[in-house]
Structure formats: structure tokens, C-alpha cells
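Trainee: My questions all concern the structure below.
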Amino acid sequence: MPTDSARNLYVRKRNGLVAIAVGFAGLYALCLPFQNQTNLLTYAENTAAADPAVAIAWSLAFLVATNLGLFGFFGVLAGLKELPLETSARARAGFRLKMAGANALALALWLVAVAESSPSNNALYAVIIPAAWLGVTLVRRGFRYDAISAAELLAQDARAPVVYLRSFRQDDDRLVPIYLRLLVFFVALNFEQILAAILSPIGPFVAVGRPSEELPELGAARMYLPDDRWREKVCALLGRARLVVIRLGATDNVWWEIEQALRMVDPARLIFVVVESGKKREQLLRRLGDMVHCSLREPEGRIPARLLHILNFGLRSYEAPLFVTFHSQWEPRYERCGIRWGASVAEHPAWPSIEHALRNILRDLALDAPRRKSRGAVFVLALVAGWAGGHWFYLGEKRRGLLYLLFFWTMVPEFLALRDLVRLTLATRKDFEARYPGFATPEDTGRLAPA
């Protein structure tokens with residue numbers, strides 16, 4: 402997807418910040434009358450009964466202020482990602498879906514505030530949960546419009562790729578049961594997105610896409626192939642891959658890909674992962690073991706697998722992934738994900754353990770690389786947690802972040818964070834990456850696959 406000019410990006414980010422400021426100020430002013438009310442729903446009903454015109458005007462003003470802030474928020478994110486909103490119908494379609502989803506989430510948050518103001522309003526949760534689910538679904542779909550294709554990614558980044566092979570049935574597996582997706586925000590991320598975030602610093606993370614899908618799933622950059630050519634293209638990818646990650650599955654196509662990978666790729670550059678549990682896990686490991694002529698079985702860690710399952714409350718689909726790698730002589734090595742905590746647990750509860758396991762594997766291959774950071778995350782942290790120095794901790798300036806955190810009670814860090822927000826957001830990509838190399842586009846290193 403082509404990018405906008407530097408001038409357009411600056412104007413979009415500047416206008417976005419102004420829209421956020423005006424929208425937030427408007428919402429603050431509109432919510433002042435509700436601050437001392439014990440039952441927001443009753444207060445709203447009484448106000449509407451006393452003067453319907455005032456209630457309608459307030460509702461419209463609230464809607465306008467909310468959308469102004471959301472418009473600015475997603476406008477800034479689009480500017481930081483250099484999306485061509487002015488020239489790309491696809492980018493605009495994604496923007497509209499994000500706005501629609503964010504409106505549904507805003508409605509859910511407002512109804513939560515109303516419901517929590519009095520126990521008599523708990524029936525509102527019958528609306529809150531579907532609204533939150535709809536919001537997350539629409540926002541996720543909106544971001545799928547922004548996904549770059551494998552062809553574009555490989556053209557931009559000439560390093561040898563990290564190839565991800567899996568069954569199409571496993572796309573969008575979020576490692577969390579469906580009934581919990583309605584209750585927690587972090588299930589917006591799927592397993593493949595976690596892999597992409599950890600492995601993309603090694604090389605462009607690519608996969609073959611499902612031919613029938615209208616939009617690419619989030620995670621690996623997709624390439625779409627005709628039925629009569631996909632095997633040929635997969636073999637070509639395996640031939641130049643820096644690393645191959647294969648999720649074990651039940652379909653014949655996955656096992657054909659595994660067979661080709663075992664034949665074409667150095668065993669040290671293969672990473673197998675199995676997420677299924679119980680007998681399914683045993684069957685998949687046994688079948689892989691038969692292909693490599695060795696016995697594979699899940700090792701007992703410090704926490705036995707059965708106990709780990711109980712600690713996860715027996716949730717069928719939230720299992721601890723097991724990574725299997727091989728030395729050059731096909732000697733297996735296991736990295737089992739367990740219970741681990743870290744800042745990334747806010748993004749997905751399994752993220753810290755998956756990242757720990759993969760970094761152990763990458764370190765042995767001399768491929769360990771720091772997690773590539775996002776300017777969008779800097780913007781969000783400065784906006785939401787700037788008073789506590791959240792953006793400085795993320796940028797690696799821990800001393801400055803600690804000063805903000807220690808003196809937040811003076812309210813000075815809040816004003817400094819607003820200044821930081823403007824400066825960091827409006828900086829050009831060149832200037833920003835010069836100061837913070839961790840955000841830079843991969844350089845021309847490691848571009849050839851190892852022999």
C-alpha cells in the first residue's frame with residue numbers, strides 16, 4: 402500500500418491531535434453534571450422528562466464529541482502508519498470500520514458507567530456484552546484492511562523470510578474459549594499475531610493465505626496462490642527461508658508441507674509448535690516423531706501438564722503451546738510454555754510464556770533480536786499513561802519515566818506528557834528513528850538465507 406507525502410502525514414497527525422483535544426474537552430464538559438449522581442440512568446430519565454430538547458441536544462453533543470476524539474485518534478494512528486487515506490479506498494474502508502467499532506466500544510463503556518452507578522441497572526449488561534463484542538470485531542476487521550501483502554513486504558524487506566505454515570482452520574486461533582472473548586479485551590489478539598510480533602525482527606513474517614478469504618487475517622503477511630501452484634511456491638519459500646515455523650495440525654496439506662520442510666530445510670532452522678492438548682497433542686507429536694524417526698513426547702516441566710491444565714481452569718482451548726526444535730542430528734529439544742508474567746500479559750495472557758520460549762530457541766540459533774516497537778504504542782501510552790511515564794519506559798528511557806512516576810502527584814508530569822505527546826507524534830519518521838533506533842526499518846543485514 403503506497404504511503405502519503407510527508408506534508409500530508411504531518412497535517413493529518415496535527416489535525417488528529419487537535420480533534421482529540423477538542424473531543425476530550427467536550428466530553429469532560431458534558432459529563433460534569435453527572436459527577437455527583439448516584440444513579441446515572443435515573444438522572445438521565447428525569448432530565449429527559451423535564452426537558453426533552455435538552456436531553457436530545459446533550460446526546461447529540463456527546464455523540465459529536467466522542468466521534469471527534471475517535472476521528473483524531475485513528476487519524477493519528479493512520480499518520481504514524483503512513484496509510485494513504487486520501488488516495489486509497491481500501492484504507493478509508495478500514496478507517497470507517499474502526500470508527501464504527503470504536504463507537505460500539507464507547508457505547509459499552511458508557512453503559513458500564515451507568516450500570517455501575519446503581520445495582521438496579523445491572524440489566525444493561527445484556528446490551529453491554531454484545532456491544533463490546535461488536536466493537537472489538539469491527540475494529541479488528543478495520544485493521545485487517547491495513548494489512549500489507551507478502552509481495553509488498555518482501556519488496557520492502559529483502560531479508561530472508563520467516564515462513565509460517567499451518568492449517569487454514571487454525572487462522573484466528575486466540576487460545577481463549579469463545580465464551581471468554583466477550584469478557585476480556587486482550588482476546589483481540591490471535592496466536593499468529595503474537596508469533597509475528599516476536600519473529601518479524603528476524604525477517605519478514607509471511608504465510609500462504611486462505612484463497613477464499615475476503616481480507617487477510619492479522620499476523621503474517623499473506624500471499625494468495627492458485628490451487629495448481631501453491632505447492633511450487635511453498636517449496637520456493639522453504640528454499641530461501643531464514644526460519645520455518647510450522648504449527649502441527651490434522652490436515653493432509655500441513656503434513657505435505659512438513660514433509661517438504663524436513664527434506665529441504667536444515668533441522669536447526671525448523672520450529673514446530675503444537676497448541677492442541679491431551680490425546681490430540683500426543684497424536685500430533687507421535688506422527689511427527691514417525692517422520693523424523695525418533696520418539697517425541699511432551700516433557701514434564703516444573704508444573705506437570707495435568708496441573709497446568711487445572712490451573713488454567715480446564716479451559717479446553719487455552720492450552721500452553723509446546724515448541725519442538727531439532728539439532729542438526731535430529732535430536733529433539735522442547736520449550737514448553739507455562740505460567741509467566743510480564744507487561745505483555747495485558748495484550749494476551751499467553752504472550753509472556755510464548756515469547757520466553759521463542760527467545761530461548763532464537764538465542765540458541767544466534768537469531769535473537771529485540772522486539773520491534775511501534776510508534777502507535779508510544780502515542781497511546783503518552784495519551785493514556787503519560788502521567789506515569791509509560792511512554793518513556795516503552796522508549797527505554799527508564800530514568801525519565803521513573804521521574805514522571807515519582808512526581809505524578811504534583812500533576813507536572815501530566816502537562817509534560819502532553820508536550821511529549823505532541824513532539825513525539827509530530828516528529829518525522831526519519832528524526833524519530835534516528836533518536837530511537839529500535840523503531841527503525843530493518844537494515845540490509847541478514848538478507849540472505851544461511852547456507
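Under my numbering, the residues of the sequence shown are numbered 402 to 852, in order.
Glycine is no exception: its CB is placed at the ideal position from the N, C-alpha and C atoms.
1) Alpha carbon to alpha carbon, how far is Pro851 from Pro838?
2) What residues are listed by DSSP as bridge partners for Pro733?
3) Can you have a look at His749 and say buried or exposed, based on whether 16 or more other CB atoms are within 10 angstroms of its CB?
4) Quick one: measure Cβ to Cβ for Ile762 and Phe724, integer angstroms, because I've assumed they're closer than 8 Å.
5) Quick one: grab the DSSP three-state call for Phe808.
6) Can you have a look at Tyr805 and say buried or exposed, based on whether 16 or more other CB atoms are within 10 angstroms of its CB?
7) Out of Ala505, Arg670 and Lys414, which one is the CA nearest neighbour of Thr538?
8) If you draw a straight line from the alpha carbon of Phe587 to that of Arg741, how long is it in whole angstroms?
9) Tell me Leu566's beta-bridge partners as DSSP assigns them.
10) Taking the straight line between their C-alpha atoms, what separation do you get for Lys414 and Ala841?
11) Leaving aside the five residues before and after Ala789 along the sequence, list all residues of the same chain whose C-beta is less than 7 Å from its C-beta, in chain order.
12) Let me know the secondary structure DSSP gives Leu716 once reduced to three states.
13) For Gly417, collect the residues of the same chain with a Cβ closer than 6 Å to its Cβ; drop the 5 residues on either side in sequence, then sort them by chain order.
14) Give me the Cα-Cα distance between Val675 and Leu685, rounded to the nearest whole angstrom.
15) According to DSSP, simplified to helix, strand and coil, what is Arg776?
16) Taking the alpha carbon of Arg772 as the point to measure from, which residue in Ala637, Leu512, Gln594 and Ala527 has its own alpha carbon closest?
17) Could you name the residues that DSSP lists as bridge partners for Phe606?
18) Span of the alpha helix (DSSP H) holding Ile530?
19) Tell me, please, whether the stretch 508 to 526 touches the stretch 478 to 496 by the rule of three or more beta-carbon pairs shorter than 8 Å.
20) Excluding the 5 residues flanking Val666 on each side, which residues of the same chain have their C-beta closer than 7 Å to its C-beta?
21) Can you tell me whether Asp547 is buried or exposed? The criterion is at least 16 other CB atoms within 10 Å of its CB, across all chains shown.
22) So what does DSSP say about Arg622, is it helix, strand or coil?
23) For Val607 and Cys636, I'd like the C-alpha separation in whole angstroms.
24) Using beta-carbon positions only, say whether Asp543 and Gly495 come within less than 8 Å of one another.
25) With DSSP as the reference, please indicate the residues paired to Ile672 in a beta bridge.
26) Which of the three DSSP states, helix, strand or coil, is assigned to Cys695?
27) Output the boundary residues of the alpha helix (DSSP H) element that contains Gly480.
Mentor: Concretely, from the data shown:
1) At Pro851 the pLDDT is 35, less than 50, meaning the model places this residue with poor confidence and gives no usable figure here.
2) Phe727
3) buried
4) 6 Å
5) coil
6) buried
7) Ala505
8) Here Phe587 scores only 45 on pLDDT, less than 50, and its place in the model is too uncertain to base an answer on.
9) Ile647
10) 20 Å
11) Tyr805, Leu806 and Phe809
12) At Leu716 the pLDDT is 45, less than 50, meaning the model places this residue with poor confidence and gives no usable figure here.
13) Gly473, Gly476 and Val477
14) 8 Å
15) helix
16) Gln594
17) Val563
18) Tyr526 to Arg545
19) no
20) Leu639, Ala642 and Val645
21) buried
22) According to the sequence shown, residue 622 is Ala rather than Arg. Looking at Ala622 - three-state DSSP - the assignment turns out to be strand.
23) 14 Å
24) Looking at the sequence shown, residue 543 is not Asp but Gly. Yes, Cβ-Cβ distance for Gly543 and Gly495 is below 8 Å.
25) Val646 and Thr726
26) coil
27) Pro453 to Lys482
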